[in-house]
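Visitor: Pasting a structure here, questions to come.
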C-alpha cells in the first residue's frame, strides 16, 4: 500500500504541537502543488480552520492534540478520495465545489468530540455526524448560491456520512460515505501507527465474524478487538455506492493488506 501521510506521521508523533505550528502545518497540507485540484470554496475552508483551531486551543493533552491532527489529515484524504471517485464516475454531473465542500466538512463535528478523549460516538455519547450537520445548518455560507452548492444536500450528506445505512438518494450523500471509507482504508496502517485508539490483538468477536461472512457491515458495538476492526473495514465493501471505490480497494492493495493482517491475527476468511 502507498504511504499517504509521508513525513506527516512523524510530525504528529514528534513535531511542535503549538497552535501556530499546527496551523501552519494544516495550511501547508491543504495548499500548494499537492492540493492544486482541491478547489475548496474559500469561505468553507476558512470556517473549517476556525472550527478546528477553536477546539485545538482547548486541547489539554498530547493525545487529544494528536487526535485532532489525525482528523485534519483524514479530512484532506477524504477530499482526495472524493476527487478520485468523481473523476472515475463520469456518468454523474458533479458540482466540483459541492464535492469538495461535502468532503472537507463531513467530520466537522469530530473536532469538538476530540475533547472527550475518543472518536467513538458510543463511548462519548456524542453523535458527531448530527452535531456537524447542525453546525452547517446554522452557518450562513454566502458563496453557496454563487457556486451552485445545495446547502440541504450538504447537510444531508454530513448527517448520514457515518450512519450504518443511508435511506436516501442524494448522490453527494452516497459519495461522502464512499470517500470517507476509501480515505480511511488507504491510511489505516498509518492511523494505527500514531496510536490514537488501540484495541486488543487477541480474539475475534463472533458477531463481527458472522456479519462479515453474511456480507453485511459490522456494527460499531461489535468492534472490540483488532481482528474485529479489520473485519469491519473489509465489510465496508458491501456498502460502497460507486464501482470506482471498489476498484481502488483492489488496485491499491488495500484488500490484500487487510486479509494478510487478519491472517497474522489468526483469523482466516
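In the working numbering, the protein residues as written are -5 to 263.
Ideal placement from N, C-alpha and C gives every residue a C-beta, glycine not left out.
1. When the distance is taken between beta carbons, is residue 242 closer than 9 Å to residue 180?
2. Which residue from 97, 104 and 112 puts its Cα closest to that of residue 143?
3. State the DSSP-derived secondary structure class of residue 144, mapped to helix, strand or coil.
4. What are the boundary residues of the alpha helix (DSSP H) that residue 20 is part of?
5. I need the straight-line Cα distance from residue 9 to residue 48, nearest angstrom please.
6. Write down the C-beta distance between residue 92 and residue 148 rounded to the nearest angstrom, noting that I regard them as a contact closer than 8 Å.
7. Express the C-alpha separation of residue 262 and residue 21 in angstroms, rounding to a whole number.
8. By a C-beta neighbour count over all protein chains shown, 10 Å radius and 16 as the cutoff for buried, is residue 222 buried or exposed?
9. Work out the CA separation of residue 109 and residue 118 for me, nearest whole Å.
10. Mind checking residue 139: buried by the 16 CB within 10 Å criterion, or exposed?
11. Could you check the C-alpha separation between residue 125 and residue 19 for me, to the nearest Å?
12. Candidates 54, 88 and 80: which alpha carbon is nearest residue 106's?
13. What do you get for residue 255, buried or exposed, if any count of 16 or more other CB atoms within 10 angstroms of its CB means buried?
14. Can you give the Cα-Cα distance for residue 123 and residue 69, rounded to whole angstroms?
15. Taking the alpha helix (DSSP H) that residue 80 falls in, what are its first and last residues?
16. Return the first residue and the last residue of the alpha helix (DSSP H) that residue 199 is part of.
17. What is the rounded straight-line gap between the Cα of residue 111 and the Cα of residue 104?
18. With distances taken from CA atoms, which of 164, 208 and 67 is nearest residue 182?
19. Output needed for residue 71: all residues of its chain with C-beta closer than 7 Å, excluding positions within five of it in sequence on either side, in chain order.
20. Could you check which residue in 184, 194, 193 and 225 has the C-alpha nearest to that of residue 201?
21. For residue 105, which of helix, strand or coil comes out of DSSP?
22. Given this structure, state the Cα-to-Cα distance separating residue 40 from residue 233, to the nearest angstrom.
23. To the nearest whole angstrom, what separates the beta carbons of residue 80 and residue 169, a pair I think is in contact under 8 Å?
24. By the DSSP assignment, the alpha helix (DSSP H) with residue 238 in it spans what residues?
25. Determine the burial state of residue 158: buried for a count of at least 16 other Cβ atoms within 10 Å of its Cβ, exposed for fewer.
Guide: So, from the data block:
1. Here residue 180 refers to the residue found at position 186 of the chain shown. Here residue 242 refers to the residue found at position 248 of the chain shown. Between residue 180 and residue 242, the CB-CB gap stays under 9 Å.
2. The residue labelled residue 143 in the question sits at position 149 within the chain shown. It is 97.
3. If you number the chain shown from 1, residue 144 lands on position 150. If DSSP states are grouped into helix, strand and coil, residue 144 belongs with coil.
4. If you number the chain shown from 1, residue 20 lands on position 26. Segment 13 to 23, the alpha helix (DSSP H) holding residue 20.
5. The count along the chain shown starts at 1 and reaches residue 9 at position 15. The count along the chain shown starts at 1 and reaches residue 48 at position 54. The alpha-carbon separation between residue 9 and residue 48 amounts to approximately 20 Å.
6. Indexing the chain shown from 1 puts residue 92 at position 98. Indexing the chain shown from 1 puts residue 148 at position 154. Indeed, because the Cβ distance is near 7 Å, the residues count as touching under 8 Å.
7. Counting from one through the chain shown, the residue named residue 21 turns up at place 27. Counting from one through the chain shown, the residue named residue 262 turns up at place 268. If you draw a straight line from the Cα of residue 21 to the Cα of residue 262, it comes to about 43 Å.
8. Locating residue 222 in the chain shown gives position 228, counting from the first residue. Burial call: buried.
9. Position 124 of the chain shown holds residue 118. Position 115 of the chain shown holds residue 109. In a straight line, the C-alpha of residue 118 is about 10 Å away from that of residue 109.
10. Here residue 139 refers to the residue found at position 145 of the chain shown. Exposed: under 16 other Cβ atoms inside 10 Å.
11. Translated into the one-based positions of the chain shown, residue 125 becomes position 131. Translated into the one-based positions of the chain shown, residue 19 becomes position 25. The straight-line gap separating the alpha-carbon atoms of residue 125 and residue 19 is approximately 26 Å.
12. Within the chain shown, the letter at position 112 stands for residue 106. The residue with the shortest Cα to Cα distance from residue 106 is 54.
13. Stepping through the chain shown from its first residue, residue 255 is reached at position 261. With a 10 Å radius around the Cβ and a threshold of 16 neighbouring Cβ atoms, residue 255 comes out buried.
14. As a first step, residue 123 is located in the chain shown; it is residue number 129 there, counting from the start. As a first step, residue 69 is located in the chain shown; it is residue number 75 there, counting from the start. For the pair residue 123 and residue 69, the Cα-to-Cα distance works out to about 14 Å.
15. Here residue 80 refers to the residue found at position 86 of the chain shown. Where residue 80 is concerned, the enclosing alpha helix (DSSP H) stretches over 56 to 82.
16. For the purposes of this step, residue 199 is taken as residue 205 along the chain shown, with counting starting at 1. Per DSSP, residue 199 belongs to no alpha helix (DSSP H) and is neither H nor E.
17. Within the chain shown, residue 111 is the residue found at index 117, counting from 1. Within the chain shown, residue 104 is the residue found at index 110, counting from 1. About 11 Å.
18. Against the chain shown, residue 182 aligns to sequence position 188. Relative to residue 182, the option among 164, 208 and 67 whose CA is nearest is 67.
19. Start at 1 with the first residue of the chain shown, and residue 71 comes out as number 77. Closer than 7 Å at Cβ, skipping near neighbours: -2, 177, 180 and 181.
20. The count along the chain shown starts at 1 and reaches residue 201 at position 207. Per the Cα distances, 225.
21. To locate residue 105, count along the chain shown from 1; it is residue 111. Helix.
22. Residue mapping note: residue 40 aligns to position 46 of the chain shown, counting from 1. Residue mapping note: residue 233 aligns to position 239 of the chain shown, counting from 1. Taking the straight line joining both Cα atoms gives about 32 Å.
23. Reading the chain shown from its first residue, position 86 is the one you call residue 80. Reading the chain shown from its first residue, position 175 is the one you call residue 169. The pair is a contact, with the Cβ atoms about 7 Å apart (cut-off 8 Å).
24. The residue you call residue 238 lines up with position 244 of the chain shown. Here the alpha helix (DSSP H) through residue 238 covers 237 to 245.
25. Reading the chain shown from its first residue, position 164 is the one you call residue 158. Label assigned to residue 158: exposed.
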